[in-house]
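One structure is given here, and the rest of the page talks about it.
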Amino acid sequence: SGRDPHETEFHQAVTEVVGSVKLVLDKNPEYRHARIVERMVEPERIIQFRVPWVDDQGRVQVNRGFRVEMNSAIGPYKGGLRFHPSVNLSILKFLAFEQVFKNALTTLPMGGAKGGADFDPKGKSDNEVMRFCQSFMSELFRHLGADRDVPAGDIGVGGREIGYMFGMYKKLKNEFTGMLTGKSLNWGGSLIRPEATGYGSVYFAQEMLTTRHQTLKDKICLVSGSGNVAQYTTEKIIQLGGNVVTLSDSTGYIYDEKGIDLDKLVYVKYLKNLKRGRIREYAEKYPEAVYMEFDPAADHSPLWNHRADCAFPSATQNEINELDARNLVNNGVQVVCEGANMPTTLEGIDIFLDHKILFAPGKAANAGGVAVSGLEMAQNAMRIKWNSQEVEERLRKIMQHIHRECLVASEEYGTPGNYVNGANIAGFVKVAEAMMDQGVV
Ligand code: NDP
Numbered sequence: 001s002g003r004d005p006h007e008t009e010f011h012q013a014v015t016e017v018v019g020s021v022k023l024v025l026d027k028n029p030e031y032r033h034a035r036i037v038e039r040m041v042e043p044e045r046i047i048q049f050r051v052p053w054v055d056d057q058g059r060v061q062v063n064r065g066f067r068v069e070m071n072s073a074i075g076p077y078k079g080g081l082r083f084h085p086s087v088n089l090s091i092l093k094f095l096a097f098e099q100v101f102k103n104a105l106t107t108l109p110m111g112g113a114k115g116g117a118d119f120d121p122k123g124k125s126d127n128e129v130m131r132f133c134q135s136f137m138s139e140l141f142r143h144l145g146a147d148r149d150v151p152a153g154d155i156g157v158g159g160r161e162i163g164y165m166f167g168m169y170k171k172l173k174n175e176f177t178g179m180l181t182g183k184s185l186n187w188g189g190s191l192i193r194p195e196a197t198g199y200g201s202v203y204f205a206q207e208m209l210t211t212r213h214q215t216l217k218d219k220i221c222l223v224s225g226s227g228n229v230a231q232y233t234t235e236k237i238i239q240l241g242g243n244v245v246t247l248s249d250s251t252g253y254i255y256d257e258k259g260i261d262l263d264k265l266v267y268v269k270y271l272k273n274l275k276r277g278r279i280r281e282y283a284e285k286y287p288e289a290v291y292m293e294f295d296p297a298a299d300h301s302p303l304w305n306h307r308a309d310c311a312f313p314s315a316t317q318n319e320i321n322e323l324d325a326r327n328l329v330n331n332g333v334q335v336v337c338e339g340a341n342m343p344t345t346l347e348g349i350d351i352f353l354d355h356k357i358l359f360a361p362g363k364a365a366n367a368g369g370v371a372v373s374g375l376e377m378a379q380n381a382m383r384i385k386w387n388s389q390e391v392e393e394r395l396r397k398i399m400q401h402i403h404r405e406c407l408v409a410s411e412e413y414g415t416p417g418n419y420v421n422g423a424n425i426a427g428f429v430k431v432a433e434a435m436m437d438q439g440v441v
């Protein structure tokens with residue numbers, strides 16, 4: 001724990017997992033002897049590189065690119081790329097670490113990685129984004145491959161960016177392989193991949209509610225973010241009869257008491273995916289909604305302070321702190337399902353667990369995205385394409401399976417219903433067993 005003390009997000013993610021797997025280490029001293037935890041927290045490889053590009057004014061810009069290849073015990077490295085000005089090694093190491101356990105939970109053969117750059121796509125033209133993606137891939141390509149490392153999207157990386165990066169990779173390598181997922185449908189992408197993380201998160205919430213003989217019908221839901229995960233979380237909640245009343249971006253949030261219906265969601269998709277505008281514009285189009293700007297100095301987020309049954313944080317890390325968690329509990333929330341990675345602080349998680357909230361940690365609840373990425377890899381390898389019903393049915397079964405695995409592990413280790421312990425333990429054991437089999441490497 002003395003190493004890299006400034007990497008606060010990474011330490012936070014490790015603290016959470018180590019807290020859970022202590023129970024496993026006590027039962028299995030051979031893991032301690034083989035120093036499995038010490039090996040897991042040290043990335044197998046980190047690649048860091050310069051990304052120079054020329055903006056529309058002809059000025060040279062320089063960004064920093066990364067790939068953290070954390071663990072390949074159960075398969076080729078797999079995990080998204082994030083383009084956001086906040087990107088640094090601590091954030092990417094936390095994301096790569098979480099990814100290792102998440103990928104293990106999906107049952108598919110994928111190791112864990114994460115990467116990206118401190119590039120800010122906001123306000124950039126298509127041509128600037130293209131030139132950036134090409135420069136980024138002109139270095140990263142030598143580390144990738146369908147059997148080596150297969151990145152995907154994350155914050156700031158969607159279909160457009162994946163397309164530009166794939167084009168550059170193909171040119172440099174002179175081969176067409178499935179070395180990126182999240183590709184467009186007409187050149188190797190999988191149906192349901194864009195929907196997968198959000199849909200999967202809602203399926204997970206549905207499974208948790210079933211343990212208390214409830215459904216999502218008529219439940220009031222708070223969703224944060226308005227990007228890929230938030231949009232498809234909202235879509236699936238609406239399909240299952242729930243009522244979504246909030247969405248946000250990094251500047252503020254909207255509260256629509258009447259609920260966001262499928263027509264309004266079409267507008268949100270246009271606004272965020274095509275127009276690349278701000279969520280504020282939702283309240284301009286639908287006057288029944290109110291918009292509130294976030295105050296960066298505030299000690300809590302007003303988004304989490306509305307009467308609701310369920311919360312789906314789907315924007316970014318640490319968006320629910322201790323005070324937000326208290327507000328959610330006081331407002332009657334029964335379900336908190338993490339679509340984003342690590343949106344809840346350690347103190348916030350303790351409050352949810354103390355109050356017996358149905359709390360799904362991101363590495364379980366948002367695993368649907370990487371699961372369908374795994375299915376995209378399988379379809380690419382077989383050179384076939386499944387229809388959307390087939391992929392969605394596989395996604396639903398995988399989410400049900402992950403839910404059951406977490407529940408069983410939480411019971412086996414004496415903390416029934418604690419999905420945090422369940423997810424950490426189930427993921428850890430699978431990777432630890434593979435590392436034991438493969439020796440000290
Ligand atoms: P997008 O880029 O599509 O959307 C991100 C959303 O979150 C935007 O609304 C963005 O607002 C907001 N946001 C980003 N950074 C911040 C910040 N620092 N503070 C407040 N709001 C912020 O990303 P995704 O929807 O793909 O990702 C959302 C979360 O889900 C991330 O934690 C990601 O790691 C996780 N995730 C994503 C998966 C996927 O398949 N895409 C899979 C598993 C997890 P703005 O428009 O202002 O930038």
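For the sequence shown, this note's numbering gives the first residue as 1, with consecutive numbering after it. The beta-carbon is built from N, C-alpha and C at its ideal position, and this holds for glycine as well.
- DSSP places residue 312 in the strand class (E or B) of the three-state scheme.
- The closest heavy atom of ligand 1 lies 8 angstroms or more from the beta carbon of residue 299.
- Excluding five sequence positions before and after residue 415, the CB atoms of its chain that fall closer than 6 angstroms to its own CB belong to 421, given in chain order.
- In this structure, the straight-line span from the alpha carbon of residue 291 to that of residue 439 is close to 56 angstroms.
- Three or more Cβ pairs drawn from the region 197-207 and the region 365-374 lie within less than 8 angstroms of each other, which places the two stretches in contact.
- The three-state reading of DSSP puts residue 275 in coil, since its state is none of H, G, I, E or B.
- A Cβ-Cβ separation of about 20 angstroms leaves residue 246 out of contact with residue 209 under the 8 angstroms criterion.
- Per DSSP, residue 90 is not a residue of any beta strand (DSSP E); the alpha helix (DSSP H) it occupies stretches across 89-105.
- Residue 398 sits buried, since 16 or more C-beta atoms from the chains shown fall within 10 Å of its C-beta.
- Of the candidates 55, 295, 239, 55 places its Cα closest to the Cα of residue 130.
- For residue 53, the beta-bridge partners assigned by DSSP are 61.
- Under the three-state reduction of DSSP, residue 70 is assigned to strand.
- Here the distance from the Cβ of residue 355 to the nearest heavy atom of ligand 1 is not below 8 angstroms.
- With 16 or more other CB atoms across the displayed protein chains lying within 10 angstroms of its CB, residue 402 is buried.
- DSSP, reduced to helix, strand and coil, places residue 134 within a helical segment of the structure shown.
- Residue 425 and residue 24 do touch by the CB rule: their CB atoms are close to 6 angstroms apart, below 8 angstroms.
- Burial state of residue 384 is exposed, judged by a 10 Å Cβ sphere holding fewer than 16 other Cβ atoms.
- The DSSP-derived three-state label of residue 236 is helix.
- A contact between stretches requires three or more CB pairs, one per stretch, nearer than 8 angstroms, and the region 83-100 meets this requirement with the region 4-20.
- The shortest CA-to-CA distance from residue 372 to any of 355, 256, 393, 354 is the one to 393.
- By the 16-neighbour rule on beta-carbons within 10 angstroms, residue 344 is buried.
- Taken through DSSP and simplified to helix, strand or coil, residue 297 comes out as coil.
- For residue 255, the uninterrupted beta strand (DSSP E) segment begins and ends at 252-255.
- Taking residue 45 as the centre and dropping the five residues before and after it, the same chain places the C-beta of 69 closer than 6 angstroms to its C-beta, in chain order.
- Approximately 7 angstroms separates the beta-carbon atoms of residue 225 and residue 340; this is inside 8 angstroms, confirming the contact.
- Exclusion of the five residues before and after residue 97 leaves 10, 13, 14, 17, 40, 41, 70, 112 as the residues of its chain whose Cβ lies within less than 8 angstroms of its Cβ.
- Between residue 271 and residue 231 a beta carbon distance of about 10 angstroms is seen, past the 8 angstroms cut, so the two are scored as non-contacting.
- Cα atoms of residue 4 and residue 105: separation of roughly 28 angstroms, rounded to the nearest angstrom.
- By the beta-carbon neighbour count (other beta carbons within 10 angstroms, threshold 16), residue 174 is exposed.
- Residue 81 places its beta carbon less than 9 angstroms from that of residue 153.
- Residue 307 and residue 181 have their C-alpha atoms some 38 angstroms from each other.
- For residue 359, the beta-bridge partners assigned by DSSP are 336.
- Boundaries of the beta strand (DSSP E) harbouring residue 150: 149-152, taken from the DSSP string.
- Judged by the Cβ position, residue 82 qualifies as a neighbour of ligand 1 at the 8 angstroms threshold, a heavy atom of the ligand being closer than this.
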